[in-house]
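In the working numbering, the protein residues as written are 11 to 155.
Virtual Cβ for every residue (Gly too), placed ideally from N, Cα, C.
Working notes, structure below.
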Amino acid sequence: MIKNEVARSLKVVLANNYALYLKTQNYHWNVTGSNFKPLHLLFEEQYNDLFMANDEIAERIRTLGEKVPATFNIFSDATDIKDGNENIDATSMVKELADDQGIIIESLKSTLKIAQDTNDEGTIGIITNRIGIHEKAAWMLRSSI
Ligand SMILES: [Fe+2]
């Protein structure tokens, strides 16, 4: 029962992660301008990490005994990350993605608190690792503007 609280919170993390994965790939495809190449590559590096993280987070939810709701409708209802817009300029794309990394960090930190309250070390390890990765991703994005 207590572990379900962690799983419920991880479902929000998964929705955010999946949404940012799609958005980062959108911007990888659609970015334009004089910084095209480095941004195209940075976005690729980041969506690859987010892709792997989708699996890690989902399988942690399964490990905690819950099914993983995984449809576009469910993710779009649960996420706080707004859809990408392929027509904005490169700087706006980078700013949005940096802010979105912050949104994921917030959802990870609130999940971390619940995992700490329930001594769920397995989840704590995954989440702590993800927070560091998102903080680094946000730094790389902000430094690209
Ligand atoms: Fe590509």
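Just the Cα atoms here: how many angstroms apart are residue 122 and residue 132? For the purposes of this step, residue 122 is identified with residue 112 of the sequence shown, where counting begins at 1. For the purposes of this step, residue 132 is identified with residue 122 of the sequence shown, where counting begins at 1. Rounded to the nearest whole angstrom, the CA to CA distance from residue 122 to residue 132 is 11 Å.
Rounded to the nearest angstrom, what separates residue 29 and residue 85 at their Cα positions? In the sequence shown, residue 29 corresponds to position 19, counting from 1. In the sequence shown, residue 85 corresponds to position 75, counting from 1. Looking at the two C-alpha atoms, the distance is approximately 7 Å.
Classify residue 43 as helix, strand or coil using the three-state DSSP reduction. In the sequence shown, residue 43 corresponds to position 33, counting from 1. Judged by DSSP in its simplified three-state form, residue 43 adopts coil rather than helix or strand.
Endpoints, the alpha helix (DSSP H) within which residue 83 is located: Taking the first residue of the sequence shown as position 1, residue 83 is located at position 73. Per DSSP, the continuous alpha helix (DSSP H) segment holding residue 83 begins and ends at 82 to 88.
Quick one: is residue 43 buried, meaning 16 or more other Cβ sit within 10 Å of its Cβ, or exposed? As a first step, residue 43 is located in the sequence shown; it is residue number 33 there, counting from the start. Residue 43 comes out exposed.
Between which two residues does the alpha helix (DSSP H) holding residue 145 run? Counting from 1 along the sequence shown, the entry for residue 145 is found at position 135. Unbroken alpha helix (DSSP H) run through residue 145: 131 to 152.
What are the start and end residues of the alpha helix (DSSP H) that includes residue 121? The count along the sequence shown starts at 1 and reaches residue 121 at position 111. Run containing residue 121: 100 to 127, per the alpha helix (DSSP H) assignment.
In whole angstroms, give me the CA-to-CA distance for residue 70 and residue 113. Your numbering for residue 70 matches position 60 in the sequence shown. Your numbering for residue 113 matches position 103 in the sequence shown. The alpha-carbon atoms of residue 70 and residue 113 are separated by roughly 20 Å.
Please confirm whether residue 63 and residue 36 have their CB atoms less than 8 Å apart. By 1-based counting over the sequence shown, the position of residue 63 is 53. By 1-based counting over the sequence shown, the position of residue 36 is 26. Taking 8 Å as the Cβ cut-off, residue 63 and residue 36 do not qualify as a contacting pair.
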